[in-house]
Each structure stands twice: as structure tokens, then as C-alpha cells.
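For the sequence shown, my numbering begins at 35 and goes up steadily by one.
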Amino acid sequence: YNYLGLSGDPRVLAEVEKAIHQYGTSVSASRVASGERPFHHELEGELARAQGVDDALVFTAGHMTNVNVVGHLMKPPDLVLHDELIHDSLLQGIKLSGAGRRAFRHDDPEHLDKLLKDLRPNHEKCLILVEGVYSMDGDLCALPAYVELKKKHGAMLLVDEAHSFGVCGPTGCGIGEHYRDRL
């Protein structure tokens, strides 16, 4: 995606050219196979600082991130409640995990609250999945309501920021920054 129109910006092209001369066009494999490069840690450090967290981990693609995080965080006795419009990569992660799943109506915290009341007591772990900006229709999630429901029901919340990081919030740090005064 090129939401900000930076793919042809002369400053971006100059930095890309500089990086190609320094590192080549690709690391050609995962970090496990190709090793760590200084830019991996620099990027993760900058992302962590921008989000106000201790650490960050960068995968090669957002799709891989979603499949792996959900797929390894949850397990068969757990429950995942997700917006009906979440990206397929999150659905693949749920499938990998073996956890039970139920969809709630698109950006409908009231429907999610009902599902949590009915289903949450039967599961040790529960994960709520939403997108910051929905890739299917471009609307913003009602993040403050989901944060409240997470707290109320003792669930975890994963927000896919693939389409909100870089474009939402005063400095582009995503949907959390966009709603920071309401969280």
C-alpha cells in the first residue's frame, strides 16, 4: 500500500538506494537463517519507543505476524472473539491455534459484550481481535469500547494496525494514538 504517496518521494528513493548499496537488495531469508542486521534492532527500538512499550518484534510481513501471534498465543481450550470483517490472516492464526472462535457483528461492541457474557466464563483465555482501520471498508474501530470490554471481562485485545499505523493519530502511531484521550 502507498497510503501516504511516499513510494516515489525523492527522499525515500535516496534512502532506499543508500540502503541497497550498504546491505544489498534482500537478506534473502529469515533472521534465523540470515542473521541479525543492525537495522532490525534499530527499527524495533524505534517502533517500541513510538508505541511507548518496552520492546517490539518485526516480522517479514503483517500476514506472517497475524498468523504467528494468534496461532501461538492461543490453544484449543481458548476462545477468540473477532469482528466479522477481520483480515484472513487473523482467521488463519485462529485456525492454527485450534482455539474456538465466534464472530461478532462488524464494529459492534454491544454484540461483543453479549458474547463475552455468554462465552467468556467457559474459557481460561479469551482474545478479542479487531482492526484499527478495517481493510475491507476503511472505517475506524471503536477502540475505547473494546478496551473497556477487555477489562470488564478479563480478556486480551489484539488490534491489527496494518492500515492505521502511519496514518492515524497526530504522529501516525496508529489507532491507539488517535483515541489516546479516550483510553
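Glycine included, each C-beta is placed from N, C-alpha and C at the ideal position. Remember, it's a predicted structure, so these values are computed and weren't measured experimentally.
Start and end residues, beta strand (DSSP E) containing H116: As a working mapping, residue 116 is identified with position 82 in the sequence shown. Note, H116: beta strand (DSSP E), 113 to 117.
Inter-residue Cα distance where the pair is E80 and G200: Numbered from its first residue, the sequence shown carries residue 80 at position 46. Numbered from its first residue, the sequence shown carries residue 200 at position 166. Approximately 13 Å between the Cα atoms of the pair.
Collapsed DSSP secondary structure at A218 in the structure displayed: Since the first residue of the chain shown is 35 and the last is 217, residue 218 is not available in this structure.
Closest Cα partner of V104 within the set V87, G58, D122, E118: Position 70 of the sequence shown, counting from 1, holds the residue named residue 104. Ranking V87, G58, D122, E118 by Cα distance to V104 puts D122 first.
Best match in C175, H97, G210, R83 for proximity to P143 [C-alpha to C-alpha]: Stepping through the sequence shown from its first residue, residue 143 is reached at position 109. Per the Cα distances, C175.
CA-to-CA distance, L47 to G58, given in whole angstroms: The count along the sequence shown starts at 1 and reaches residue 58 at position 24. The count along the sequence shown starts at 1 and reaches residue 47 at position 13. Answer to the nearest angstrom: the Cα atoms are 15 Å apart.
Alpha-carbon to alpha-carbon, R71 and E78: Locating residue 78 in the sequence shown gives position 44, where the first residue counts as 1. Locating residue 71 in the sequence shown gives position 37, where the first residue counts as 1. C-alpha separation (whole angstroms): 12 Å.
Own chain, CB closer than 8 Å to F93, minus 5 neighbours either side, in chain order: Residue mapping note: residue 93 aligns to position 59 of the sequence shown, counting from 1. Only T99, N102 meet the Cβ criterion.
Anticipated Cβ contact below 8 Å, H116 with R139, distance rounded: Within the sequence shown, numbered from 1, the residue matching residue 116 stands at position 82. Within the sequence shown, numbered from 1, the residue matching residue 139 stands at position 105. Between R139 and H116 the Cβ distance is about 11 Å, and since that is not below 8 Å, they are no contact.
Beta-carbon proximity of L163 to L113, cut-off 7 Å: To locate residue 163, count along the sequence shown from 1; it is residue 129. To locate residue 113, count along the sequence shown from 1; it is residue 79. Contact: no.
Pair within 7 Å by beta-carbon distance, D147 and L183: Stepping through the sequence shown from its first residue, residue 147 is reached at position 113. Stepping through the sequence shown from its first residue, residue 183 is reached at position 149. Result yes, Cβ atoms of D147 and L183 sit closer than 7 Å.
Residues bridged to F73 [DSSP beta-bridge criterion]: Your numbering for residue 73 matches position 39 in the sequence shown. Note: F73 sits in no beta bridge, so no partner.
Nearest neighbour of K109, chosen from H197, Y213, A133 [CA to CA]: The residue you call residue 109 lines up with position 75 of the sequence shown. With distances taken between Cα atoms, K109 lies closest to A133.
Cα-Cα separation between L161 and A189, rounded to whole angstroms: Taking the first residue of the sequence shown as 1, we reach residue 161 at position 127. Taking the first residue of the sequence shown as 1, we reach residue 189 at position 155. In a straight line, the C-alpha of L161 is about 6 Å away from that of A189.
Beta-carbon proximity of Y180 to L119, cut-off 7 Å: Working through the sequence shown from its first residue, we reach residue 180 at position 146. Working through the sequence shown from its first residue, we reach residue 119 at position 85. No, the pair does not count as a contact, with Cβ atoms beyond the cut-off.
Proximal residues to K159 (C-beta, below 6 Å), its chain only, five neighbours per side dropped: Residue numbering aside, residue 159 sits at position 125 when the sequence shown is read from its first letter. Closer than 6 Å at Cβ, skipping near neighbours: D112.
Bounding residues of the beta strand (DSSP E) (the contiguous stretch that carries R135): As a first step, residue 135 must be located in the sequence shown, where it is residue number 101. Where R135 is concerned, the enclosing beta strand (DSSP E) stretches over 134 to 138.
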